[in-house]
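Colleague:
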Amino acid sequence: MPRVLITGALGQVGTELTLALRERYGVSEVLATDIRTPSPDHPAASGPFKLLDGLDAAGLLSTVQEQGIQEIYHLAALLSAVAEAKPALAWHLNMQSLINVLDTAHACQCRVFAPSSIAVFGPDTPRNLAPQLTSLRPTSMYGVTKVAGELLCDDYARRYGVDVRGLRYPGLISASAPPGGGTTDYSVQMYHAAARGEPYTCFLSSNTALEMLFMPDAVRATLDLMDAPRESLRYPNAYNLAGMSLTPAAIAAEIRRQLHRFDLPHFEVEYAPDPVRQAIADGWPSSIDDAAARQDWHWRPAYDLRRMTGEMLSALTHHPTGGIIHGT
Ligand code: AKB
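Residue numbers (this note's numbering): 258 to 585.
#1: Just checking my contact of E511 with L562 at CB under 8 Å: how many whole Å lie between their CB atoms?
#2: Are the CB atoms of H349 and Y413 nearer to each other than 8 Å?
#3: Please report how far the alpha carbon of Q322 lies from the alpha carbon of C365, in whole angstroms.
#4: May I have the straight-line CA-CA distance separating T402 from P372, to the nearest angstrom?
#5: Report the residue from P395, Y399 and A301 whose alpha carbon sits nearest the alpha carbon of A345.
#6: At what residue ranges does the segment 395-451 contain a whole run of the alpha helix (DSSP H), taking only runs of 4 or more?
#7: R225: which of D474, L359 and S296 sits nearest, CA to CA?
#8: For I581, does the count of other Cβ atoms within 10 angstroms reach 16, so buried, or fall short, so exposed?
#9: Since F370 contacts Y330 with CB under 8 Å, what's their CB separation in whole angstroms?
#10: Since Y426 contacts P505 with CB under 8 Å, what's their CB separation in whole angstroms?
#11: Can A376 be considered in contact with the ligand AKB, in the sense that its beta carbon sits closer than 7 Å to one or more heavy atoms?
#12: Between the C-alpha atoms of A289 and N464, what's the straight-line distance to the nearest angstrom?
#13: Spatial neighbours of D531 within its chain, please: C-beta separation below 6 Å, excluding the five flanking residues on both sides.
#14: In whole angstroms, what separates the C-alpha of V404 from that of L336?
#15: Is it buried or exposed for H299, if we count other Cβ within 10 angstroms and need 16 for buried?
#16: How many Å lie between L503 and A559 at the Cα?
#17: Within 10 Å of its beta-carbon, does Q552 have 16 or more other beta-carbons around it, so buried, or fewer, so exposed?
So, in structure tokens, the structure goes:
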């Protein structure tokens, strides 16, 4: 059983991965870290927690050495919309923290999970079913850091033999911690608004199709990739990952279809595209080809829009029927 350190443990992915890893390896084996202190009811506070900034190379190295860490899940990063507003900070934070993690992993012989994103793709990537191997010419600073991050991970693997793995996460939808500063955040905000019985103004146009994945699938994919034998992985740190290609209009329609199960009022959505986030979304593919992940480590998503919507509304309204859908 590895001893694990998570950076960005209070973020959208970090929150759920902390829980999943503690369930798997034991609470005391998983050190959650972030630059903020968790509230007492946050999952990260359910076990060991340390304030740690990924930019603090010495702090990271000494923590890993003192705690006998063997695996690092590096989730701290600025997402696409914030990165576009603060490009210099995004480059510094996303790249330097990754370098610090890789240097520490090299020095301490740790395995690493460092996520990539569909943001690596750009306008000259095929829009439908973006292939695993294709042009990576993103037109957002976040995408630039993700392409550079993939190449940096390749280099540490080649040069030093660091076992670093990663997935090109699509937009991730979850009910616990909210995403912060991404282009796909609208989807989570939409479920929250519907569950509060409030209207929602969407910052992307109604027909903007992007690849999305429900968080339980994303967590399972992450753990399955880390479990896979290294020799079976053709693209260890850059696997395309697909769940469902969705537009805001499709999510809104499915929410409306299931409102009655949760005694919720009619759900109104207005569309007021934000130029920055719309431009980022327009540069990303509308769907992703994840055949390599399916072949190499048997990836299959379990959730479709209907099942995910049932579970999201159930979790957000604390409705007792859970995600089980009868005759909807
Ligand atoms: C974002 O929207 O920035 C992220 C991502 C697709 O990586 N959710």
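By construction, the Cβ of each residue, glycine as well, lies at the ideal position given by its N, Cα and C atoms.
Modeller: Quick look at the numbers:
#1: 5 Å
#2: no
#3: 7 Å
#4: 11 Å
#5: Y399
#6: 398-417
#7: Residue numbering for the chain in the displayed model covers 258 to 585; residue 225 lies beyond these limits and cannot be assessed.
#8: Confidence at I581 is low in this model, with a pLDDT of 40, below 50, so the placement of that residue should be treated as unreliable; the coordinate-derived value is given next. Classification of I581: exposed, given that the 10 Å Cβ count is below 16.
#9: 5 Å
#10: Y426 to P505, Cβ: 19 Å. No contact.
#11: yes
#12: 38 Å
#13: F460
#14: 14 Å
#15: buried
#16: 16 Å
#17: exposed
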